[in-house]
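Take a look at the structure set out below.
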Amino acid sequence: MEKSYSGQSSYRFIDRLLRSDGKVLMVVSPFMDEYYAKILRGIASRKKVKIITTGKGAGGSKVVAALSKGVGIGTLVKIVFYFAALFAIVAYIGIWYAAEAIAAIGALAFLMMYIRFRNGARNIEVRVLRGPFVHEKIYICGGEAITGSANLTYSGTHKNVEHIEMTDDPESVSNLSKHFEELWESQQERA
């Protein structure tokens with residue numbers, strides 16, 4: 049099925065593809081922002097994410113750095129702090145069975161977040177474009193592909209009038225996947 053869309057809501061199609069079933073998400077977007085970096089880090093806890101970008105645009109180098117190292121430890125520290133504070137308050141009041149339950153739930157939450165963040169950092173690979181400027185935008189996952197004008201930025205998918213083409217034709221998706229891999233291999237610099 050081939051389908052096209054023009055308008056200010058290309059996120060409805062792109063976001064669905066990013067979160068779709070599939071073992072590998074392949075993205076070519078010259079410009080990205082922190083909004084989508086956060087989404088991609090979350091997706092990387094469930095599947096491999098390969099990104100080709102320029103590292104340019106609003107906060108581009110920060111976005112590439114954040115994607116390359118995955119999610120920082122700051123969130124984990126906050127979780128530990130909040131559960132420790134809650135534990136201390138409940139223990140001070142003298143409700144020990146509740147304090148033990150809070151400690152157990154906190155430890156489990158910390159472990160789950162740690163595993164998710166660790167896997168997310170491992171499952172994201174970023175290549176920063178060097179050489180000729182690649183302006184195309186490609187999103188491939190789970191037997192579907194989207195090409196068009198929308199960069200993976202909030203403005204590009206939610207505000208700008210963009211045109212995208214969507215396909216689930218196996219031959220078209222295969223050709224785009226091969227093109228992605230050729231572009232991926234041509235980029236020797238890794239973020």
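Note that the working numbering has the sequence shown beginning at 49, numbered continuously upward. We treat Cβ as the ideally placed atom computed from N, Cα and C, and that holds for glycine. Owing to the predicted nature of the structure, the values given are computational and were not obtained by experimental measurement.
Query	Result
Going by alpha carbons, who is nearest to residue 179 out of 231, 201, 62?	231
Count the other CB atoms, across all protein chains shown, that sit within 10 Å of the CB of residue 188; report buried if there are 16 or more and exposed otherwise.	buried
Whose C-beta lies closer than 7 angstroms to the C-beta of residue 55 among residues of the same chain, with five residues either side of it excluded?	209
Closest by CA to residue 101, which one among 88, 78, 85?	78
Can you tell me whether residue 183 is helix, strand or coil according to DSSP?	coil
Does the beta-carbon of residue 199 have 16 or more other beta-carbons within 10 angstroms, so that it is buried, or is it exposed?	buried
Is residue 232 helix, strand or coil by DSSP?	helix
Pairs of beta-carbons, one from the segment 207-222 and one from the segment 73-93, closer than 8 angstroms: are there three or more?	no
Based on the DSSP output, what are the partners of residue 209 in its beta bridges?	DSSP, once it has assigned bridges, lists no residue as partnering residue 209.
From what residue to what residue does the alpha helix (DSSP H) around residue 99 run?	Run containing residue 99: none in the alpha helix (DSSP H); it sits in the beta strand (DSSP E), 96-101.
Under a three-way DSSP split, which group does residue 167 fall into?	Residue placement at residue 167 is flagged as unreliable, the pLDDT there being 49, under the threshold of 50; the coordinate-derived value follows with that caveat. Of the three classes helix, strand and coil, the one that applies to residue 167 here is helix, per DSSP.
Which residues in the same chain have their Cβ closer than 6 angstroms to the Cβ of residue 98, if we skip the five residues on either side of it in sequence?	74, 173
Secondary structure at residue 221, three-state DSSP: helix, strand or coil?	helix
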